[in-house]
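For the record, the sequence lines run as chains A and B.
No gaps in the numbering here: position 1 of the first sequence is 1353 in my numbering, and each next residue is one more.
No gaps in the numbering here: position 70 of the second sequence is 84 in my numbering, and each next residue is one more.
Cβ atoms here follow ideal geometry from the backbone N, Cα and C, with glycine treated the same way.
Report on the following structure.
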Amino acid sequence: DTAVSQTPKYLVTQMGNDKSIKCEQNLGHDTMYWYKQDSKKFLKIMFSYNNKELIINETVPNRFSPKSPDKAHLNLHINSLELGDSAVYFCASSQAEGAYGNTIYFGEGSWLTVV
Amino acid sequence: GENVEQHPSTLSVQEGDSAVIKCTYSDSASNYFPWYKQELGKRPQLIIDIRSNVGEKKDQRIAVTLNKTAKHFSLHITETQPEDSAVYFCALFLGNQFYFGTGTSLTVIP
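This is the structure:
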């Protein structure tokens, strides 16, 4: 009964390949995110979806394409993988905010290594 | 976007001592300030949060203080234990997204 689950957890692939990471949340949250954590541990927002609509699209190469078939799922597809894409990718979700933001819950992370 | 500065980037303390991590921000509209702990190889997990209508919140050995006038908030861990060793992230909510600090690697020396 994991709240935010993402697959695969580990992914090793060659440069130039295309890969996808899937994410699902069972918390009933309206908002989902993709974060990238590099070797320096910085957590960098990539995308945010609210009820399947893209609301944040940071400066990310267009090789990265998120897809949200419904508000419980947010998948990340990466084309033409490069060495610099090696990182941990965290999916996360939160409930739509009112006067205050609400807690953001992270998935377990997907360790992507491009060789 | 908002810039959240977090200090120090690394912190070593003796077991039993206190640890303090501070974050500063610039936009006074920020109203929600969570703290996350990330153990090695694990996901960031919420340990405590504070909303802008209070100045301090405590949960056992962990406390967070917020100074809205000065635009900074701090995490205080007392009586540190080896299992407190982790990377800690401050964050804030502004507009429609969360902004994270750059992380503090805390090592508690037994």
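Using a Cβ-Cβ distance under 8 Å, would residue i count as near chain A?
i, result
"residue 116 of chain B", "yes"
"residue 101 of chain B", "yes"
"residue 41 of chain B", "no"
What are the start and end residues of the beta strand (DSSP E) that includes residue i?
i, result
"residue 1358 of chain A", "1356-1359"
"residue 35 of chain B", "33-38"
Taking residue i as the query, report the chain A residues whose CB atoms sit under 7 Å from its CB, ordered along the chain.
i, result
"residue 48 of chain B", "1455"
"residue 63 of chain B", "1455"
Does the beta carbon of residue i come closer than 8 Å to any beta carbon on chain B?
i, result
"residue 1408 of chain A", "yes"
"residue 1461 of chain A", "yes"
"residue 1373 of chain A", "no"
"residue 1400 of chain A", "yes"
Identify the residues that DSSP records as bridge partners of residue i: which are they?
i, result
"residue 1381 of chain A", "BP columns for residue 1381 of chain A are empty, so no partner."
"residue 1409 of chain A", "A/1399"
"residue 65 of chain B", "B/46"
"residue 120 of chain B", "B/25 and B/100"
"residue 74 of chain B", "Paired residue(s): none; residue 74 of chain B is not in a bridge."
"residue 80 of chain B", "B/87"
"residue 1442 of chain A", "A/1387"
"residue 58 of chain B", "According to DSSP, which records beta bridges pairwise, residue 58 of chain B is partnered with nothing at all."
Strictly below 8 Å CB to CB, what residues from chain B border residue i?
i, result
"residue 1395 of chain A", "58, 103, 114 and 117"
In chain B, which residues lie less than 9 Å from residue i when you measure between Cβ atoms?
i, result
"residue 1442 of chain A", "57 and 58"
Note down, in chain order, every chain B residue with its Cβ under 7 Å from the Cβ of residue i.
i, result
"residue 1458 of chain A", "57 and 58"
If you measure beta-carbon to beta-carbon, which residues of the region 66-99 of chain B are closer than 8 Å to chain A? Taking a C-beta cut-off of 8 Å against chain A, the contacting residues of the region 66-99 of chain B are 66, listed in chain order.
Which of the residues in the region 18-29 of chain B, read from start to end, lie with their CB under 8 Å from any CB of chain A? If the cut-off is 8 Å between Cβ atoms, the region 18-29 of chain B has nothing near chain A.
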